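K.L.:
Here it is, the structure, as structure tokens.
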Amino acid sequence: MKRYSFFSLLARPVSNFPNTWDSPYLNAKFLTGSGIVGLIVVFGLAGPLFWDVELAYTGSSPLNLPPTWAQGGSSDHPLGTESNGRDILAALIVGTPSSLKVGFLAALIGMMTGLALGSIAGYFGGWPDHIIRTVSDAAITVPALIVLIVIASFVQMTDTTAMALILSLFAWPGPTRLVRSQVLTLRERGYVRMAMLSGAPAREIMLVEMAPNMLSWLAASLTGGISGAILGATGLEALGLGPTRTPSLGLIINQATTNASLVRGMIWWSLPPIVLLMAIFTGFFL
Numbered sequence: 011m012k013r014y015s016f017f018s019l020l021a022r023p024v025s026n027f028p029n030t031w032d033s034p035y036l037n038a039k040f041l042t043g044s045g046i047v048g049l050i051v052v053f054g055l056a057g058p059l060f061w062d063v064e065l066a067y068t069g070s071s072p073l074n075l076p077p078t079w080a081q082g083g084s085s086d087h088p089l090g091t092e093s094n095g096r097d098i099l100a101a102l103i104v105g106t107p108s109s110l111k112v113g114f115l116a117a118l119i120g121m122m123t124g125l126a127l128g129s130i131a132g133y134f135g136g137w138p139d140h141i142i143r144t145v146s147d148a149a150i151t152v153p154a155l156i157v158l159i160v161i162a163s164f165v166q167m168t169d170t171t172a173m174a175l176i177l178s179l180f181a182w183p184g185p186t187r188l189v190r191s192q193v194l195t196l197r198e199r200g201y202v203r204m205a206m207l208s209g210a211p212a213r214e215i216m217l218v219e220m221a222p223n224m225l226s227w228l229a230a231s232l233t234g235g236i237s238g239a240i241l242g243a244t245g246l247e248a249l250g251l252g253p254t255r256t257p258s259l260g261l262i263i264n265q266a267t268t269n270a271s272l273v274r275g276m277i278w279w280s281l282p283p284i285v286l287l288m289a290i291f292t293g294f295f296l
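Structural data, given as structure tokens:
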């Protein structure tokens with residue numbers, strides 16, 4: 011009769027069925043973060059179906075109404091109104107997609123630029139690697155917000171696309187360094203070496219053989235880039251240097267600050283966009 015030691019019994023698998031909760035897509039933090047971001051996206055996209063977004067513009071509502079639950083509040087304006095006659099709920103519904111769009115566009119442009127430059131630097135090495143690495147290292151040391159403030163002072167940003175393009179100028183160094191380090195590792199893999207020996211073009215090797223193996227890294231870089239771009243855009247808008255035609259979360263904060271909402275006790279004006287931004291950052295962080 012075969013005898014088992016205590017430690018050998020502990021080492022044996024309890025079940026032949028894999029634990030599906032070990033999947034990264036079923037991770038509690040991932041699910042929580044995805045749920046938060048998903049709810050915010052649905053709030054921005056589906057909100058116009060349930061609420062009149064025309065109330066987000068100047069003069070569309072009574073002035074300085076408190077929220078429904080406060081004394082003097084109205085059910086017609088659940089989150090209240092502000093000094094310019096805008097409904098806070100409508101402004102949040104319009105402003106949320108605007109802020110998310112800026113963050114996504116800036117991060118996407120930065121990631122695609124970083125993917126191209128990092129792949130070239132890591133794959134070819136030599137002087138292209140030296141130039142790209144030197145420029146990206148120098149760009150990371152530049153205080154982005156200060157430079158963005160200077161640029162925004164001279165460049166009139168009329169819409170969110172223009173702001174996203176300006177923010178993307180500082181969104182590429184991080185992905186470039188990340189992709190370069192991954193390409194340097196992947197370049198030594200056997201299947202990549204075989205593709206090189208078979209005479210496959212460098213572009214095909216980078217796009218077909220290497221890029222799919224970096225998807226998880228690129229996704230993490232994209233989420234971090236979106237948060238950073240939203241933070242940068244909010245900072246510029248809060249300083250009054252962003253687009254003023256389209257409501258955004260940063261613009262709401264700017265107008266609340268300009269009109270001394272906290273001093274006047276109108277916390278319902280400044281608090282909702284801050285809470286929404288905190289939820290966005292928390293969702294992407296998780």
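Just so we're aligned: 45 in my numbering is position 35 of the sequence shown, and the numbers increase by one with no gaps anywhere. Where is the CB? At the ideal position from N, CA and C, for every residue including glycine. These figures come from a predicted structure and were not determined experimentally.
Taking 8 Å as the cut-off, does the stretch 52-65 touch the stretch 102-113 (at least 3 CB pairs, one atom from each stretch)?
P.N.:
A contact exists between the stretch 102-113 and the stretch 52-65.
K.L.:
Which residue from LEU246, LEU75, ALA266 puts its Cα closest to that of MET167?
P.N.:
Numbered from its first residue, the sequence shown carries residue 167 at position 157. Considering only alpha carbons, the answer is LEU246.
K.L.:
Are the stretch 140-156 and the stretch 171-186 in contact at 8 Å, needing three or more beta carbon pairs?
P.N.:
As far as the Cβ criterion goes, the stretch 140-156 touches the stretch 171-186, which means the pair count is three or higher.
K.L.:
How big is the Cα-Cα spacing for VAL157 and GLY120?
P.N.:
Locating residue 157 in the sequence shown gives position 147, counting from the first residue. Locating residue 120 in the sequence shown gives position 110, counting from the first residue. One C-alpha to the other measures close to 17 Å.
K.L.:
Nearest-angstrom Cα distance between ALA229 and SER271?
P.N.:
Within the sequence shown, the letter at position 219 stands for residue 229. Within the sequence shown, the letter at position 261 stands for residue 271. Computed Cα separation, rounded: 38 Å.
K.L.:
Between TYR201 and GLU219, what straight-line distance do the alpha-carbon atoms span, to the nearest angstrom?
P.N.:
Position 191 of the sequence shown, counted from the start, is the residue given in the question as residue 201. Position 209 of the sequence shown, counted from the start, is the residue given in the question as residue 219. Computed Cα separation, rounded: 8 Å.
K.L.:
Just to confirm the assignment, what range does the alpha helix (DSSP H) spanning HIS306 have?
P.N.:
An answer regarding residue 306 cannot be provided, because it is not within the stretch 11 to 296 covered by the chain.
K.L.:
Is there contact here, the stretch 210-226 with the stretch 84-104, by at least three beta-carbon pairs under 8 Å?
P.N.:
no
K.L.:
Which two residues bound the contiguous alpha helix (DSSP H) that contains GLN265?
P.N.:
By one-based count along the sequence shown, residue 265 stands at place 255. Here the alpha helix (DSSP H) through GLN265 covers 259-268.
K.L.:
Is it the case that the Cβ atoms of GLY95 and SER71 are separated by a distance below 7 Å?
P.N.:
The sequence position of residue 95 within the sequence shown is 85, counting from 1. The sequence position of residue 71 within the sequence shown is 61, counting from 1. In this structure, GLY95 places its C-beta atom within 7 Å of the C-beta atom of SER71.
K.L.:
Applying the criterion that 16 or more other CB atoms from any shown protein chain within 10 Å of the CB defines a buried residue, is GLN265 buried or exposed?
P.N.:
Here residue 265 refers to the residue found at position 255 of the sequence shown. GLN265 should be labelled buried.
K.L.:
Using CA atoms only, rank isn't needed, just tell me which of THR68, ILE130, SER93 is closest to THR267.
P.N.:
The residue labelled residue 267 in the question sits at position 257 within the sequence shown. Nearest option by C-alpha distance: SER93.
K.L.:
Alpha carbon to alpha carbon, how far is ASN269 from PHE114?
P.N.:
Along the sequence shown, one-based indexing puts residue 269 at 259. Along the sequence shown, one-based indexing puts residue 114 at 104. Distance between the alpha carbons of ASN269 and PHE114: 30 Å.
K.L.:
Can you tell me whether DSSP reads THR106 as helix, strand or coil?
P.N.:
Translated into the one-based positions of the sequence shown, residue 106 becomes position 96. In this structure, THR106 counts as helix in the three-state DSSP scheme.
K.L.:
Measuring only the C-alpha atoms, how far is THR171 from MET204?
P.N.:
Here residue 171 is taken as the residue at index 161 of the sequence shown, counted from 1. Here residue 204 is taken as the residue at index 194 of the sequence shown, counted from 1. Going by C-alpha positions, THR171 is about 42 Å away from MET204.
K.L.:
By the DSSP assignment, the alpha helix (DSSP H) with GLY69 in it spans what residues?
P.N.:
Here residue 69 is taken as the residue at index 59 of the sequence shown, counted from 1. Element bounds for GLY69: n/a, residue is neither H nor E.
K.L.:
How big is the Cα-Cα spacing for TRP61 and ASP86?
P.N.:
On the sequence shown, position 51 is the one that residue 61 refers to. On the sequence shown, position 76 is the one that residue 86 refers to. Taking C-alpha positions only, TRP61 is separated from ASP86 by approximately 10 Å.
K.L.:
Considering only C-alpha positions, which residue in the set VAL189, TRP279, VAL160 is nearest to TRP227?
P.N.:
Within the sequence shown, numbered from 1, the residue matching residue 227 stands at position 217. Nearest option by C-alpha distance: VAL189.
K.L.:
Could you tell me which uninterrupted beta strand (DSSP E) segments, each at least 3 residues in length, are contained entirely in the stretch 197-226, listed from first to last along the chain?
P.N.:
none
K.L.:
Within this structure, are the beta carbons of LEU89 and PRO77 separated by less than 7 Å?
P.N.:
Translated into the one-based positions of the sequence shown, residue 89 becomes position 79. Translated into the one-based positions of the sequence shown, residue 77 becomes position 67. Yes.
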